[in-house]
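Please read the structure below before turning to the comments.
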């Protein structure tokens, strides 16, 4: 009589298998989706690297909010750097994503002011450093942003792109072979010849489960019972 092992014993045997490390490959970001990361991703700089505006408004000195009026001396669009300096009694129109001009420490939003030509009047004050994204607010230099072994999803792909990484080292997806066993098993499309036969379904369930976890799948078909 054949001796069978328990489920727990089978799991122990599988855990004891000394599998060789997976080979790695470099893939373009969008091709790396759902692959397993093979290296830590470490920030090479602070983000943001400089104080940055989080809203459209006017870059000012916090303490100048006690003044009745401020002079607008320049515009500071995103993607460029203004050489103008914010000093007492002046401000610079600044847009979302722009670097904060030298001398400023607070961004007062457009909803809190009225503008007449080059004169700005503050209708509602804000706290110091309002709407200013400080250096390293997103992440800091040398911080581990994505750990080795992480499954790369859309969020991780976005982080990699923000780091100017176009290709990433990932593990090659494993290949899984699936075989159904049993003389009573019928493949899809086969004609049933007696009432004891059943349709094969587990092999397809396992295939989509494996693919959903990043594996390549080979279907081996149905193996009939053989006492030998």
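Residue numbers (the numbering used here): 54 to 281.
Built from N, CA and C at the ideal position, the CB exists for glycine as well.
Measure how close the beta-carbons of residue i and residue j come, nearest whole angstrom, since I'm counting them as under 8 Å.
| i | j | result |
| --- | --- | --- |
| residue 127 | residue 140 | Contact doesn't hold; Cβ gap of about 12 Å is too wide. |
| residue 152 | residue 108 | Not really, about 14 Å apart at Cβ, beyond 8 Å. |
| residue 184 | residue 228 | Their Cβ separation, rounded to whole angstroms, is 52 Å, which puts residue 184 and residue 228 out of contact at 8 Å. |
| residue 96 | residue 192 | 5 Å |
| residue 170 | residue 114 | Contact flag wrong, Cβ pair sits at about 21 Å. |
| residue 85 | residue 205 | 5 Å |
Have a look at residue i and residue j and give me their C-alpha separation to the nearest angstrom.
| i | j | result |
| --- | --- | --- |
| residue 216 | residue 93 | 13 Å |
| residue 111 | residue 194 | 29 Å |
| residue 175 | residue 130 | 21 Å |
| residue 124 | residue 146 | 10 Å |
| residue 81 | residue 232 | 33 Å |
| residue 309 | residue 270 | Since the first residue of the chain shown is 54 and the last is 281, residue 309 is not available in this structure. |
| residue 173 | residue 187 | 25 Å |
| residue 201 | residue 119 | 52 Å |
| residue 67 | residue 199 | 29 Å |
| residue 234 | residue 71 | 26 Å |
| residue 164 | residue 218 | 38 Å |
| residue 252 | residue 260 | 16 Å |
| residue 180 | residue 104 | 16 Å |
| residue 63 | residue 57 | 10 Å |
| residue 83 | residue 133 | 29 Å |
| residue 65 | residue 59 | 10 Å |
Give me, in chain order, the residues of the same chain whose beta-carbon lies closer than 8 Å to that of residue i; leave out the 5 immediate sequence neighbours on both sides.
| i | result |
| --- | --- |
| residue 76 | 224 and 225 |
| residue 203 | 89, 90 and 209 |
| residue 222 | 77, 78, 79, 90, 91 and 92 |
| residue 264 | 270 |
| residue 167 | 173, 174 and 176 |
I want to check one thing, is the minimum distance from the CB of residue i to the heavy atoms of the ligand FMN below 7 Å?
| i | result |
| --- | --- |
| residue 266 | Looking for the ligand FMN in the displayed structure turns up nothing, as the structure carries no ligands at all. |
Based on DSSP bridge pairs, tell me the residues matched to residue i.
| i | result |
| --- | --- |
| residue 103 | Answer by DSSP bridge pairing: none, since residue 103 is not bridged. |
| residue 129 | 147 |
| residue 95 | 197 |
| residue 220 | 81 |
Closer than 7 Å by C-beta to residue i: which residues in its own chain qualify, once you throw out the five before and the five after it? Chain order, please.
| i | result |
| --- | --- |
| residue 149 | 106, 107, 108, 109 and 131 |
| residue 214 | 82 |
Please go through the same chain and pick out, in chain order, the residues whose beta-carbon is closer than 6 Å to the beta-carbon of residue i, but skip the five residues on each side of it.
| i | result |
| --- | --- |
| residue 100 | 191 and 192 |
* Taking contact to mean at least 3 C-beta pairs separated by less than 8 Å, is the region 233-240 in contact with the region 257-277? -> yes
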